[in-house]
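Every number in the working numbering is 111 more than the matching position in the sequence shown, counting from 1. Here's the structure, in structure tokens; my notes come after.
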Amino acid sequence: MNESSKHTKIYLLMVLAAFFWSGAFIAGKFAVPYIPPCTLTFLRFFFAVIILYFVMKAHNKKLGEEAFYLKKEHIPFFLFTGIVGMIGYHILFFSSLQYTTAINSSVIGAANPIVTTIIASILLKSKVPPKQLLGILLSFLGVILTITSADLKVLTSFSFNKGDLLMLAAVLCWAAYAVVSKSKGNSINPIALTYYSFLFCCFFSLPLVILEKPWTFIHQIPISAWAATLYMSIFASVIGYLVQQMAIKEIGPSRSSVFVNLVPVFSIILAVIILGEELVFIKVITAALIIAGVYICQKFS
């Protein structure tokens with residue numbers, strides 16, 4: 112296979128990964144009416160951990176078991192990624208879907224790379240070029256228009272949708288996770304990093320799950336909610352991640368990250384078709400502003 116066709120295959124796989132990630136917003140809408148946020152977070156990563164365990168076993172032959180050992184010095188790192196990146200983000204994400212639309216949550220989620228850039232500039236003391244600043248301003252304008260529905264009264268009265276604010280908090284958790292992963296996780300095998308982050312998430316979310324008393328509702332969960340949970344575990348978490356790792360290896364992180372911009376586009380289409388959500392023109396504009404801002408930031412990073 113020549114270099115060009117190889118890259119084309121990776122590009123198509125990354126489009127598919129973006130489609131899988133966008134499906135998580137739809138799947139979440141199917142699951143949250145029946146499974147509380149903490150239990151849903153635990154179940155999503157419990158199934159993903161089982162699958163990733165076998166993925167690691169398959170890679171043992173190539174890289175050796177040492178690449179996947181849990182080292183003592185990495186425990187504080189995995190505590191952060193598991194608790195902030197996985198538990199924090201997903202509990203806030205699933206909670207947001209109880210109060211807002213899949214369209215709103217995906218549009219706000221699209222600002223993730225921008226928030227990551229800002230947190231990286233603060234924590235790592237990296238300078239933000241003027242052109243990147245333009246991208247940040249564009250994206251934040253898109254976020255503000257999304258959570259206010261372009262209504263100035265919402266901004267002046269601070270009567271924001273609770274779900275939109277929860278999704279914004281989720282984005283902050285994920286951005287912090289991304290910065291710490293990039294700055295502190297370079298020496299850790301990517302599959303091991305994800306596996307142990309998921310494993311720590313499962314372990315430390317258990318007390319929260321007990322507080323939700325899953326034994327009182329687990330027998331009432333419909334097949335559709337179980338299917339949605341498995342979708343998020345297999346397609347959005349495991350397959351999406353593995354494809355992304357392949358892409359980073361083949362075409363580099365910069366070109367790979369561009370495909371994330373497709374997530375809100377796919378999410379909006381799926382939300383309208385599957386969930387029957389109303390597509391308001393202002394949401395198209397806000398999504399375009401955020402995607403344009405993210406693209407500018409990526410191009411001039």
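Every residue, glycine too, gets a C-beta built ideally from N, C-alpha and C.
Taking the Cβ atoms as the reference, residue 204 lies roughly 15 Å from residue 289, outside the contact range of under 8 Å.
By the criterion of a C-beta distance shorter than 6 Å, residue 353 is surrounded by no residue of its chain, once the five residues flanking it on both sides are discounted.
Looking at 312, 335 and 393, the one whose alpha-carbon comes closest to that of residue 152 is 312.
Per DSSP, the unbroken alpha helix (DSSP H) holding residue 295 starts and ends at 273 to 295. The three-state secondary structure of residue 352, taken from DSSP, is helix. In the assembly as shown, residue 180 is an exposed residue. Its beta-carbon has fewer than 16 other beta-carbons within 10 Å.
Listed in chain order, the alpha helix (DSSP H) runs fully inside the stretch 297 to 346 are 301 to 322 and 334 to 342, counting runs of at least 4 residues. Straight across, the Cα-Cα distance linking residue 345 with residue 184 is about 30 Å. DSSP places residue 228 in the helix class (H, G or I) of the three-state scheme.
The C-beta of residue 326 has fewer than 16 other C-beta atoms within 10 Å across all chains shown, which makes the residue exposed. Residue 224 is not a Cβ neighbour of residue 356, given a cutoff of 8 Å.
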